[in-house]
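All remarks here apply to the structure that follows.
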Amino acid sequence: MRKKTLFRGSIAVSTAAILAAGVLGTPARAADPITISIWTFGDVIQRTLVQEYKNLHPEITLQIKKSDLDPLNGTNMVTACTSKTGPDVVAVEVQYSGYWRSYPKCFTDLRKMKTSEANVVAGIPAGKTALDFKKNYLPWRWEQGVGYDDSVIGFPTDVGGLEVAYRIDLFKKAGLPTERGAVGKLWPTWDKFIATGVKYNSKLSAADKKAGKGFLDNAGTMYAAIMNQGTEKYYKNDGTDAGKLIYDTNPQVKKAWDTTIKATEAGIGTRIGQYTSDWNIGMNKGTFATILAPAWMMDYIKQQAPDTSGKWDIASLPGGGGNQGGTQLTVPSYAKYPQEAYDFITWYLAPEQQLKVFKTYGLFPAASVLYDDAALLDYKDPFFNNAPVGKIYAEGVLKVKPIFEGKLQRAIDQAIGAGLGRVAAKKMTAVKSWAQVIVDIKKVINN
Amino acid sequence: MSQLKVKEGRRKAPLSPWKSANPKKAAKSKKPSEGVASLDHRFGIPFIAPFFLIFLVFGLAPVIYSIYISFYKWDPLGGSTFNGVQNFVTLWGDSDFWLAIRNTFSIWALSTFPQMAMAIGLAVILRSKRLRGASFWRTIFLVPNITSVIAITIVFGQLFGRDFGIINGILGIFGVDNIDFIEGIVPSHIQIAAMITWRWVGYNTLIFLASMLAIPDELYESASVDGATKWQQFIYVTLPQLKNTITFVLVVGTIGGLQVFAEPQQLAADGGSSKQFLTLTLFLYNQAFVNNKYGYAAAIGIAITVIVLIISVINFLITRRISNDGSGR
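Protein chains in written order, with the numbering used here: chain A, 431 to 877; chain B, 4 to 332.
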């Protein structure tokens with residue numbers, strides 16, 4: 431019976447962890463020193479800025495709890511909102527924004543909050559509501575933090591401007607141009623991108639091919655990139671809160687699927703999954719020459735493949751303008767210290783701080799007031815061959831069109847991702863796999 | 004059931020053969036002292052009450068509640084509506100459910116049987132009186148069991164990596180093409196089974212070892228007097244004596260096998276692109292905590308219970324046959 435309890439234990443532990451997170455995450459209401467509890471993932475909250483805030487406010491402790499994205503924006507937040515106990519600040523990724531915008535009851539309406547005197551010294555005026563800050567940010571990114579009842583539930587942190595990171599040395603070896611402007615001209619369209627990939631692969635030696643080398647890290651990543659270049663995804667904004675499901679009729683979905691399948695069948699990708707150990711190793715070994723890289727991925731590449739410094743460069747994305755990811759900082763309705771949390775957010779996501787974060791960690795600011803700021807435009811990154819990354823990503827981000835995000839977008843994305851995986855692994859034909867995708871999506875939507 | 008049997012068996016045979024059986028002493032120690040006898044046996048109730056209270060709150064209540072919500076369309080944020088038996092009807096027609104059953108039993112078979120053979124083999128080695136540092140080895144064997152599943156999955160994920168994994172590297176020496184231990188159905192099951200085996204083989208070894216130590220030395224002595232080789236002793240003395248323990252390990256392994264969750268979840272949270280390693284509990288978890296279909300998930304939970312019940316009955320019948328045929332202890 432022991433084994434039974436242990437196995438059940440693993441489930442119990444995860445459940446308990448969620449419950450514990452709900453209970454323990456809430457700071458005890460102490461007299462003066464205040465602990466703001468923050469639930470986040472990845473590098474949304476940067477250590478150096480936390481330290482800076484500590485210097486500004488010695489009385490406030492920022493307690494950061496990191497989780498993986500899916501449990502964080504899924505189970506943990508659902509549990510917290512149901513039990514009405516939890517953190518003071520939660521990071522919500524845009525893939526989940528559609529879901530959480532439909533539950534504004536779980537968040538503090540930031541239109542009703544006013545900044546206190548706390549950060550006047552740091553340049554944040556007192557008495558300002560969320561609407562006073564709206565003008566600082568990219569309008570469509572701001573919308574991703576607006577509930578379906580028009581309440582403001584979150585401030586945008588970064589925008590995942592998407593470009594192509596490529597290896598100069600490998601391009602040279604394959605006889606392709608290496609200068610970033612010329613590289614960008616290789617692929618004005620996705621079809622040209624695929625053609626470049628085929629050309630690159632044809633130059634690989636037999637040994638390289640056997641070692642699984644290829645042009646792009648994973649052809650499946652093209653799907654999200656193409657998808658986000660449209661104006662609609664799986665939902666049409668028909669004036670209702672939830673929107674109307676159009677996943678099976680939207681031509682953009684079909685186009686993104688077909689193009690990705692074409693790239694997969696052309697074999698331009700290495701089929702290495704992103705964020706796997708193989709991916710990290712491949713980055714160092716030059717297993718792939720390109721990655722569709724959102725701005726925030728630059729820091730990841732630096733961390734994982736420090737020895738490849740200077741060998742990378744950034745070129746523009748096929749089709750022009752791309753976006754992937756980005757986060758909203760929200761104050762839940764059950765926060766213990768909504769005022770302090772709001773003060774923290776307005777400071778942390780103010781343009782000055784976003785610029786610092788961009789320079790240190792490459793998270794591209796959602797604060798659009800910075801986009802004509804020389805400090806951003808002139809910023810060059812030596813790791814990426816001194817590419818003017820600020821300028822490149824700013825240009826790309828401004829081309830992105832706003833997309834209406836629906837409630838179950840993440841689940842639909844996952845079903846389609848699995849479908850692409852089946853084709854890539856040659857487990858199913860594209861047609862069969864798409865049929866399965868539709869079945870899977872219907873299962874999620876219905877019952 | 005079987006657990007009780009094993010315990011009875013153990014009680015009859017003293018735990019270690021060399022401390023063996025002075026029948027008089029045993030009879031003496033069985034006689035309760037007067038002090039204990041004078042106590043009202045109800046006195047014990049407060050001592051076990053905490054367990055039952057906790058079980059009531061955290062064990063029984065959730066079970067009853069999940070039976071209740073299995074008849075509802077139940078979303079923690081969106082509210083609930085009565086759904087009748089619709090959840091069960093949907094489940095019966097859900098191909099993912101049958102896929103999960105297939106995967107669960109395949110992983111169970113791949114992890115249980117090789118593991119059992121290995122555990123018995125290791126127990127024989129650990130039992131050997133020529134082995135030095137016996138307690139050291141016994142402790143070492145238990146270490147995998149207390150290792151975090153997450154850590155195990157990360158390490159095994161690297162070992163089984165498709166392109167740079169060491170296993171494919173070794174297979175490559177023999178000219179085998181790289182195997183995709185995630186996308187392939189059987190390969191992915193092998194990877195998960197390997198993790199389970201690694202984690203549990205030591206634990207089962209110790210169970211077998213305890214049971215082997217309880218086999219009286221006289222049996223081996225008389226066997227060797229009769230001219231039995233070591234191998235024959237193993238086949239004709241050790242194995243028959245282990246019958247009940249094997250059943251016990253099998254039952255426990257089956258129940259554990261039906262609950263395999265963390266390993267596949269860590270490999271790919273959705274159970275793979277073709278759901279090739281979606282197990283029953285992972286299926287349940289994803290319906291509840293990813294898709295927020297708590298009612299449907301509760302129905303899956305009940306289905307798992309039914310499957311466990313069926314297997315328990317089969318196990319019970321087999322155990323009864325074994326203990327009836329007289330050769331078991």
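Ideal Cβ placement from N, Cα and C applies to all residues, glycine included.
Asked, Found
"Given Phe563/A as reference, the closest of Gln769/A, Lys684/A, Arg541/A once Cα atoms are compared", "Arg541/A"
"Delimiting residues of the beta strand (DSSP E) encompassing Ala723/A", "718 to 724"
"Sub-8 Å separation of Leu592/A and Pro724/A beta-carbons", "yes"
"Counterpart residues of Pro618/A in DSSP-defined beta bridges", "In DSSP, Pro618/A forms no bridge with anything."
"Three-state class that DSSP yields for Ile238/B in the structure shown", "helix"
"Within 8 Å, strictly: CB atoms of Leu113/B and Ile303/B", "no"
"Neighbouring residues, chain A, relative to Ala272/B (Cβ below 8 Å)", "Asp500"
"Complete alpha helix (DSSP H) runs within the region 505 to 558 of chain A (minimum length 4 residues, chain order)", "507 to 513, 524 to 531"
"Residues near Lys514/A by beta carbon distance below 6 Å, same chain, minus five either side", "Tyr764"
"Contacts around Arg597/A, its chain only, beta-carbon distance under 7 Å, and the 5 residues preceding and following it disregarded", "Gly716, Ala719, Lys741, Trp742"
"Bridge-paired residues (DSSP) for Glu662/A", "Phe834/A"
"Contacting residues, own chain, Cβ-Cβ under 7 Å from Arg438/A (five flanking each side not counted)", "Reliability of the predicted coordinates at Arg438/A is poor, the pLDDT of 41 falling under 50, and no value is obtained from them."
"Inter-residue Cα distance where the pair is Lys821/A and Leu807/A", "5 Å"
"Exposure of Arg135/B, with buried meaning 16 or more beta-carbon neighbours within 10 Å", "exposed"
"Nearest-angstrom Cα separation, counted from Thr115/B out to Leu245/B", "16 Å"
"Whole-angstrom distance between Gly260/B and Gln493/A, CA atom to CA atom", "39 Å"
"Cβ-Cβ separation, Ala686/A to Met657/A (assumed contact under 8 Å), whole Å", "5 Å"
"C-alpha gap between Asp676/A and Lys872/A, whole angstroms", "Reading off the sequence, residue 676/A comes out as Ile, not Asp. Using only the alpha carbons, I get a separation of about 12 Å."
"Alpha-carbon spacing of Val576/A relative to Asn207/B, whole angstroms", "55 Å"
"Under 7 Å from the C-beta of Val508/A: neighbouring residues of chain B", "Pro79, Leu80, Asn295"
"Where Ala845/A falls: helix, strand or coil (DSSP)", "helix"
"Between the CA atoms of Asn171/B and Gly178/B - distance to the nearest angstrom", "10 Å"
"Span of the alpha helix (DSSP H), counted from its first residue to its last, around Tyr778/A", "768 to 778"
"Inter-residue spacing [alpha-carbon to alpha-carbon] between Val869/A and Gly160/B", "30 Å"
"Assigned exposure category for Val522/A - 16 Cβ within 10 Å defines buried", "buried"
"Among Lys640/A, Tyr567/A, Asp579/A, the one whose alpha carbon lies nearest that of Phe167/B", "Lys640/A"
"Within chain B, the residues that Gln844/A reaches when beta carbons sit closer than 8 Å", "Asp273"
"First and last residue of the uninterrupted alpha helix (DSSP H) at Thr679/A", "Per DSSP, Thr679/A belongs to no alpha helix (DSSP H) and is neither H nor E."
"Neighbourhood of Gln659/A by C-beta distance below 7 Å, restricted to the same chain and skipping five residues each side", "Gly749, Gly751, Gly752"
"Helix, strand or coil at Ser739/A [DSSP, three-state]", "coil"
"Three or more C-beta pairs below 8 Å linking the region 522 to 535 of chain A and the region 567 to 583 of chain A", "yes"
"Among Arg133/B, Pro267/B, Thr200/B, nearest to Phe144/B - alpha-carbon criterion", "Thr200/B"
"Expected contact under 8 Å - CB spacing of Thr257/B and Trp111/B to nearest Å", "7 Å"
"Residue from Thr107/B, Pro267/B, Gly87/B, Val189/B with nearest C-alpha to Ile157/B", "Pro267/B"
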